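2 protein chains.
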Amino acid sequence: MTGPLEPLSPTDRTTVKREQDHAVTDRAALHALLREGLVAHLGVVKDDHPVVLPVAYAVDLDGPDDHGTLYVHGSVAADWLRRSVDATVCVTVTELDGLVLARSGFNSSMNYRSAVVIGTVRLVDDVDERDHALDLIVDHVVPGRAAALRRPTRKELAATAVLAVPLREASLKVSEGGPDDEPEDVEAGTWGGHVPLRRVADAPVSDPATPGEVPEHVLQRARDLGWDGGYDGA
Amino acid sequence: MTGPLEPLSPTDRTTVKREQDHAVTDRAALHALLREGLVAHLGVVKDDHPVVLPVAYAVDLDGPDDHGTLYVHGSVAADWLRRSVDATVCVTVTELDGLVLARSGFNSSMNYRSAVVIGTVRLVDDVDERDHALDLIVDHVVPGRAAALRRPTRKELAATAVLAVPLREASLKVSEGGPDDEPEDVEAGTWGGHVPLRRVADAPVSDPATPGEVPEHVLQRARDLGWDGGYDGA
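Protein sequence lines, in the order shown, are assigned to chains B and H. Under the numbering used here, the first residue of the first sequence is numbered 465, with each subsequent residue one higher. Under the numbering used here, the first residue of the second sequence is numbered 465, with each subsequent residue one higher.
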């Protein structure tokens with residue numbers, strides 16, 4: 465992607481309509497959330513109803529699509545994947561940051577960041593783009609891991625489909641901080657506040673078959689995800 | 465709900481088709497995940513495409529629907545909510561438990577528990593059921609909180625819609641442990657393993673307007689969510 469960040473929500477279907485004060489029109493914030501998230505929820509229409517499934521993903525801001533590309537992958541035999549090709553899907557990435565405990569149920573809520581991307585799925589058939597996208601998905605989970613692994617085999621590639629969703633139509637909603645209560649509820653003296661939540665990693669666990677030393681890129685990723693660097697009993 | 469737990473996936477559309485070894489046909493495990501989750505991703509069809517949004521929810525196993533009821537709520541003015549009434553939606557709750565770092569990109573994955581519920585939405589118009597559902601949603605976030613708050617006002621209730629989704633059609637997929645690699649990749653000696661992930665709470669933060677003592681039900685919830693009970697500087 466070149467040029468300045470363009471505001472989000474360029475179309476009606478990705479305009480945040482409710483609680484517009486929580487809408488963020490800043491592509492940098494969208495990109496930061498998509499970098500931080502680990503699981504996306506992909507929605508696809510099956511017959512007359514939606515199906516929502518958790519998927520791994522990666523983003524390539526220099527990808528071939530307008531405003532960058534979001535990639536997901538799956539088995540060529542997966543029903544959701546076959547239904548997604550050339551269809552319009554919704555990919556939502558949510559990070560939960562806390563519980564907002566207002567003085568009323570009505571004003572109680574959660575702190576979160578949520579990106580909603582709507583776009584028409586392109587089946588990636590260019591070999592180089594597909595290889596790159598698969599590496600990006602591996603490296604999204606643990607940066608540096610793709611370089612530590614062998615290349616995919618011909619058989620693995622034949623069994624795997626990569627889907628591309630343009631990042632053009634996207635919205636971001638962010639809620640943070642404490643409760644926003646009615647003045648009379650604050651005056652009544654009821655306690656209000658919030659409970660921050662975050663995701664943390666525990667110590668990497670080596671597979672017993674090849675215990676060896678945990679590679680530095682794995683240790684680094686665990687530390688970046690909040691692991692304090694200690695092993696049980698070590 | 466009365467009687468023994470019935471197996472999950474009674475219909476074609478909630479049968480786990482891929483990686484069937486990960487499908488769990490145990491309603492108790494489904495209920496445990498739905499109790500633990502805090503955010504659901506609700507998918508609804510809008511025109512020709514799905515929209516997937518994060519929502520708070522609660523479950524009532526003694527609810528009026530077959531196999532229990534999942535409740536969500538929202539503003540009566542929300543577009544997704546109006547589209548959901550009498551439509552078939554998909555409600556997915558995913559807890560991410562770890563990164564599975566196989567010796568190949570192909571076998572790399574994540575540890576997670578994911579429940580997929582598909583059902584036709586019933587707008588809750590019974591006053592008692594609606595009151596109870598709203599309490600359940602408040603108590604799902606922090607058990608005991610509903611009793612600590614004033615009752616909703618007539619105006620708040622008029623602005624809020626509660627939707628019920630029967631828990632009848634549901635599937636659960638669970639992935640846990642280390643990687644499942646090709647024998648030749650294990651023999652090659654590449655490191656493989658997994659990084660456990662979990663959600664933790666930090667110390668509850670009181671709103672400055674009513675600092676007071678943090679109520680015991682809030683402290684307890686934070687501890688249950690992994691808070692170690694310590695305050696910064698305390």
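Cβ atoms here follow ideal geometry from the backbone N, Cα and C, with glycine treated the same way. If you're wondering where the values come from, they're calculated on a predicted model, not measured in any experiment.
Where does residue i sit, in a helix, a strand or coil, going by DSSP?
{"i": "residue 647/B", "result": "helix"}
{"i": "residue 686/H", "result": "helix"}
{"i": "residue 547/H", "result": "helix"}
{"i": "residue 623/H", "result": "helix"}
{"i": "residue 662/B", "result": "strand"}
{"i": "residue 681/B", "result": "helix"}
{"i": "residue 492/H", "result": "helix"}
{"i": "residue 502/H", "result": "coil"}
{"i": "residue 525/B", "result": "coil"}
{"i": "residue 497/H", "result": "helix"}
{"i": "residue 470/B", "result": "Here residue 470/B scores only 42 on pLDDT, less than 50, and its place in the model is too uncertain to base an answer on."}
{"i": "residue 691/H", "result": "coil"}
If I'm right that residue i touches residue j with Cβ under 8 angstroms, what's the distance once you round it to whole angstroms?
{"i": "residue 591/B", "j": "residue 686/H", "result": "Not quite, the Cβ-Cβ distance comes to about 50 angstroms (not below 8 angstroms), so this is no contact."}
{"i": "residue 518/H", "j": "residue 503/H", "result": "5 angstroms"}
{"i": "residue 638/B", "j": "residue 674/H", "result": "Not quite, the Cβ-Cβ distance comes to about 25 angstroms (not below 8 angstroms), so this is no contact."}
{"i": "residue 602/B", "j": "residue 501/H", "result": "No, residue 602/B and residue 501/H are not in contact; Cβ-Cβ is about 27 angstroms, not under 8 angstroms."}
{"i": "residue 689/B", "j": "residue 665/B", "result": "4 angstroms"}
{"i": "residue 627/B", "j": "residue 493/B", "result": "Going by Cβ atoms, the distance from residue 627/B to residue 493/B rounds to 24 angstroms, so no, they are not a contact pair."}
{"i": "residue 428/H", "j": "residue 552/B", "result": "Residue 428/H falls outside the range modelled here, since chain H spans only 465 to 698, and no answer is possible."}
{"i": "residue 609/B", "j": "residue 681/B", "result": "6 angstroms"}
{"i": "residue 620/B", "j": "residue 528/B", "result": "That belief does not hold up - the Cβ atoms of residue 620/B and residue 528/B are roughly 23 angstroms apart, past 8 angstroms."}
Less than 7 angstroms between the C-beta atoms of residue i and residue j, yes or no?
{"i": "residue 564/B", "j": "residue 573/B", "result": "yes"}
{"i": "residue 661/B", "j": "residue 560/B", "result": "yes"}
{"i": "residue 533/H", "j": "residue 516/B", "result": "no"}
{"i": "residue 548/B", "j": "residue 585/B", "result": "yes"}
{"i": "residue 505/B", "j": "residue 505/H", "result": "yes"}
{"i": "residue 545/H", "j": "residue 625/H", "result": "yes"}
{"i": "residue 663/B", "j": "residue 663/H", "result": "yes"}
{"i": "residue 514/H", "j": "residue 616/B", "result": "no"}
Apart from the five residues on each side of it in sequence, which residues of its chain come closer than 6 angstroms, Cβ to Cβ, to residue i?
{"i": "residue 531/B", "result": "631, 632"}
{"i": "residue 554/H", "result": "507, 582"}
Among residues of its own chain, excluding the 5 on either side of residue i, which ones have a beta-carbon nearer than 7 angstroms to its beta-carbon?
{"i": "residue 747/B", "result": "Residue 747/B lies beyond the stretch modelled for chain B, which goes from 465 to 698, so this question has no answer here."}
{"i": "residue 623/H", "result": "539, 540"}
{"i": "residue 679/B", "result": "612"}
{"i": "residue 497/H", "result": "557, 559, 577, 579, 636"}
{"i": "residue 542/B", "result": "none"}
{"i": "residue 640/H", "result": "561, 575"}
Less than 8 angstroms between C-beta atoms, sequence neighbours within five positions excluded: which residues of the same chain meet that for residue i?
{"i": "residue 642/B", "result": "564, 656, 657, 658"}
{"i": "residue 645/B", "result": "566, 567, 568, 571, 656"}
{"i": "residue 474/B", "result": "With a pLDDT of 47 at residue 474/B, under the threshold of 50, the predicted position of this residue should be treated as unreliable, though the coordinate-derived value follows. Result list for residue 474/B: 632, 633, in chain order."}
Please decide whether residue i counts as near chain D, where near means a Cβ-Cβ distance under 7 angstroms.
{"i": "residue 656/B", "result": "No chain D appears in the structure shown, which is made up of the protein chains B and H."}
- Write down every uninterrupted run of the alpha helix (DSSP H) in the stretch 553 to 616 of chain H whose length is 4 residues or greater and which is fully enclosed by it, in chain order. 591 to 605
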